[in-house]
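A short write-up of the structure that comes next.
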Amino acid sequence: MVAKQRCFLAIDIDSDLIQNIVKVQEEFKNTNNNVKYVEEENLHFTLKFFGDIDKDKIFEVKNCILKVLNEINFKDNFSNEISIKGLGTFPNKNYMKVLWVGCENSEFITKLHDALDLEFKKIGFKLDKQFKTHITIGRIRNLKDKNEFKSKIEKLENFEIGNMNIEKISLKISELTPKGPIYSNIKVFEL
-18 MVAKQRCFLA IDIDSDLIQN IVKVQEEFKN TNNNVKYVEE ENLHFTLKFF
32 GDIDKDKIFE VKNCILKVLN EINFKDNFSN EISIKGLGTF PNKNYMKVLW
82 VGCENSEFIT KLHDALDLEF KKIGFKLDKQ FKTHITIGRI RNLKDKNEFK
132 SKIEKLENFE IGNMNIEKIS LKISELTPKG PIYSNIKVFE L
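Going by my numbering, the letters in the sequence shown line up with residues -18 to 172, in that order.
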């Protein structure tokens, strides 16, 4: 049997911005709620989640990424500088399962995602239904005080994390462990 690996494509966050995201997480840790916060080394923008795939499919994914990056020079058409800012929840404010930090000026990421997604469809992956540029910072398990949590979101909804340039994307493996996922790079692609 061929071993499969849980894989995704990501944009890593500049290390100098990570601490600003951790500050936001700390604000929520002071509430009386059960939230599993994403470890700082795992914070990222997800471009595509592939699920469990084998080595042959990983090879195909790499080729798709190279094809898109070789055919389209995104930096010529769109600024690769983004502003990480804002806060929200998925799926909505009344039913909160994911706490996220947002992004402004994300046209670069959206165009990159869309071009990659169309290429991944050709090798058997489904198109993403609704792509929203975000960094998951916590998974909400149980809100003991929903109003307190909502008011904290309202207080921080325009919080500015900072700006960064997107210079590379990373194809990663996610190894699930009892202490949480461990991510490692399969390949880093320079843009």
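Note that CB positions come from ideal geometry on N, CA and C, so glycine has one too.
Computed from a predicted structure; not experimentally measured.
{"Item": "For SER60, the residue or residues it bridges with in DSSP", "Value": "In DSSP, SER60 forms no bridge with anything."}
{"Item": "ARG120 versus LYS10: straight-line alpha-carbon distance, rounded", "Value": "12 angstroms"}
{"Item": "Contact under 8 angstroms by Cβ, LEU28 with LEU97", "Value": "yes"}
{"Item": "Span of the alpha helix (DSSP H) around LEU124", "Value": "No alpha helix (DSSP H) contains LEU124, which DSSP labels as neither H nor E."}
{"Item": "Simplified DSSP state of LYS149, which is helix, strand or coil", "Value": "strand"}
{"Item": "Local Cβ density within 10 Å of ASP37, reported as buried at 16 or more and exposed below that", "Value": "exposed"}
{"Item": "Under the three-state DSSP convention, the category THR12 falls into", "Value": "coil"}
{"Item": "Residue burial classification, ALA(-16) (beta-carbon count within 10 angstroms, cutoff 16)", "Value": "exposed"}
{"Item": "Segment contact flag, the segment 14 to 26 with the segment 42 to 49, C-beta cutoff 8 angstroms, min 3 pairs", "Value": "no"}
{"Item": "Proximity below 8 angstroms, CB of ILE116 to CB of ILE2", "Value": "yes"}
{"Item": "Sub-8 angstroms separation of ILE167 and LYS149 beta-carbons", "Value": "no"}
{"Item": "Nearest neighbour of LYS110, chosen from ASN123, LYS125 and HIS94 [CA to CA]", "Value": "HIS94"}
{"Item": "Nearest candidate by alpha-carbon position, reference PHE89, set LYS160, PHE59, VAL16 and GLU141", "Value": "PHE59"}
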